[in-house]
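Structure record follows, encoded as structure tokens.
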Amino acid sequence: MKLIKGIILLLNFFVIALTALAYISPHIDPMKIWVFSFFGLVFPLLLFLNIAFLIIWFIIDKKKMFWSIIILLIGYNSIKKTISIHFDDKDANMGLTVLSFNMNQGAYLYKKKIKKGLFGDYVKSQNADIILGQEINSKRIRNEMDSLYRYVKIEKNIGTGIFSKYSIVNSGQVDFQLNTNSCVWADIVIRKDTFRVYSVHFMSNQISKQATDLATDFGNEEDVDTKKVREVLSRYKKYVQVRARQVKKVKKHVEKSPYPVILGGDFNDPSISFTYQQISELLKDAFVEKGLGMGVSYGGPIPFLRIDNIFVSDKIDVMSFKKLDDKFSDHFAVKAKLDI
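Residue numbering for the sequence shown follows the working numbering, beginning at 916 and increasing consecutively.
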């Protein structure tokens, strides 16, 4: 039994060390040291393992619970960004409704043979005042969205847009010099006040296929192809650094906003990341304010990812936040009610 306890303790300390690196990762610029970002990506797994060790020690040796308790207490703010527990939503019939949705270029609609018009009907049923759309550069998406909103901001050939029931008086983009990823903004007058609204789509990791292949190898108990592992890490390094450059541009633009800000979109990075941290230094996360559960918003092969967000200025009160479970994309839409 002593040997088993020793092995468990050694593994416990290893997980604690990785967890500490995850806590640090949002504060390390991937342009300088990229590898820290990886620990943030696997933070939900590390959190689960720390809780598992806590339960194990509670059963076999309560004195050794100390280290697991300490690492969890140190990471309170990180855990709060990963798991949110709120049941006190204000009146859901009041407030401004903002929906952020990566629509996957309509590819999921074709893949699942979803009848034409159903997607548009679904979007309409959400009764959102403002929609922040990503990967909307598709004829079908445009056709089903066109008649729903009077005011639309989409740069030519850019897959990110803003749909609004309220008047857009000024607009532009934060230029990423890419078509696949972009950031557009619009100044929207709501009653007597003006708000600056951003729809962002930061660079994807583009590792879903490789991650699926590796998971299949593990599942089939095959030898892991080190070439595949190197390819995943190489792609991840490249694109996490691209996101770092992109989010710095967006952050500078937000800092200069003359109006309260609503910002949402597909971050392609979890809440324990440099990308998320840069925006959270300026704005508050609607999920953290009023979410429930883990808010997993990506339905692809990599599990436990909450990468779709809605952020608001401190002056804006978050009344409720929900992840919608309806499947029309490889992402789930996220929806917030705001008291403006």
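Note that CB positions come from ideal geometry on N, CA and C, so glycine has one too. Note that the structure is predicted; figures quoted are calculated from it, not measured.
#### Entry: Residue of Val1038, Asn1085, Thr1095 minimising C-alpha distance to Asp1241
Here the closest residue by C-alpha is Val1038.
### Query
According to DSSP, what are the bridge partners of Trp1100?
Answer is Gly1087, Tyr1113.
### Task
Could you tell me whether the Cβ atoms of Tyr1191 and Phe1182 are closer together than 8 Å?
Closer than 8 Å, so yes.
### Query
CB Asp1254 to CB Ile1222, shorter than 8 Å?
Not in contact: Asp1254 and Ile1222 (Cβ atoms no closer than 8 Å).
### Task
Select from Val1147, Trp1100, Ile1194 the residue whose C-alpha is nearest the C-alpha of Asn1120.
Comparing Cα positions, the closest option is Val1147.
#### Entry: Neighbourhood of Ile986 by C-beta distance below 8 Å, restricted to the same chain and skipping five residues each side
Excluding the 5 residues flanking it on each side, Ile986 has same chain C-beta neighbours closer than 8 Å at Ile931, Thr934, Ala935, Asn965, in chain order.
### Contained alpha helix (DSSP H) runs [length at least 4] in the segment 1038 to 1070, N- to C-terminal order
Here the runs fully enclosed are 1054 to 1060.
### Query
So His1001 and Leu1207 are in contact, right, with Cβ under 8 Å, and what is the actual spacing, rounded?
Sure, about 6 Å apart at Cβ, within 8 Å.
### Query
What number of angstroms, rounded off, separates the C-alpha of Gly1048 from the C-alpha of Ser993?
So the alpha carbons of these two residues sit roughly 27 Å apart.
### From Arg1111, Lys1080, Phe1117, residue whose alpha carbon lies closest to that of Cys1098
Nearest to Cys1098 by alpha-carbon distance, out of Arg1111, Lys1080, Phe1117, is Phe1117.
### Nonlocal neighbours in the same chain, by C-beta distance under 6 Å from Ala1248, ignoring five residues either side
In its chain, beyond the 5 residues on either side, Leu1014, Phe1016, Leu1239 have a beta carbon closer than 6 Å to the beta carbon of Ala1248.
### Where the beta strand (DSSP E) containing Thr1075 begins and where it ends
Annotation for Thr1075: the continuous beta strand (DSSP E) segment containing it runs 1075 to 1079.
### Task
Starting from the C-beta of Phe973, find all residues in its chain whose C-beta is less than 8 Å away, skip the five residues before and the five after it, and write them out in chain order.
Taking Phe973 as the centre and dropping the five residues before and after it, the same chain places the C-beta of Met980 closer than 8 Å to its C-beta, in chain order.
### Task
Go through the segment 931 to 996 residue by residue and report every complete run of the beta strand (DSSP E) that reaches 3 residues or more, in order.
List check, beta strand (DSSP E) in window: nothing returned.
#### Entry: Contacts around His1168, its chain only, beta-carbon distance under 6 Å, and the 5 residues preceding and following it disregarded
Residues of the same chain with a CB within less than 6 Å of the CB of His1168, apart from the 5 flanking positions on each side, are Val1089 in chain order.
### Task
With a threshold of 16 other CB atoms inside 10 Å of the CB of Asp1061, please say whether the residue is buried or exposed.
Counting of Cβ neighbours within 10 angstroms places Asp1061 among the exposed residues, the total staying below 16.
### Message
Between the alpha carbons of Gly1074 and Tyr1151, how many angstroms are there, rounded?
### Response
Distance between the alpha carbons of Gly1074 and Tyr1151: 22 Å.
### Task
Compute the Euclidean distance between the alpha carbons of Glu1204 and Tyr1025, then round it to the nearest angstrom.
Their Cα atoms are separated by approximately 35 Å.
#### Entry: 4-residue-minimum alpha helix (DSSP H) runs that sit fully inside the segment 1157 to 1185, ordered along the chain
Whole alpha helix (DSSP H) segments, 4+ residues: zero.
### Query
Short check: CB of Ile1045 to CB of Ile1103, under 8 Å?
Between Ile1045 and Ile1103, the gap from beta carbon to beta carbon is short of 8 Å.
### Query
What is the residue span of the alpha helix (DSSP H) that Lys1205 lies within?
First-last of the alpha helix (DSSP H) with Lys1205: 1201 to 1205.
### Task
Output the distance between the C-alpha atoms of Val1067 and Ser1079, rounded to the nearest integer angstrom.
Across the structure, Val1067 and Ser1079 are spaced so that their CA atoms are roughly 6 Å apart.
### Query
What's the gap between the Cα of Phe1110 and the Cα of Leu1063?
Put simply, the backbone Cα of Phe1110 is about 21 Å away from that of Leu1063.
#### Entry: Member of Lys1164, Gly1035, Asp1232 whose CA lies at the smallest distance from the CA of Lys1054
Per the Cα distances, Gly1035.
### Task
Look up Gly1208 in the DSSP assignment and say whether it is helix, strand or coil.
Under the three-state reduction of DSSP output, Gly1208 falls in the strand class.
### Task
Quick one: grab the DSSP three-state call for Ser1149.
Under the three-state reduction of DSSP, Ser1149 is assigned to helix.
### Residue span of the beta strand (DSSP E) that contains Lys1107, given as start and end
Per DSSP, Lys1107 belongs to no beta strand (DSSP E) and is neither H nor E.
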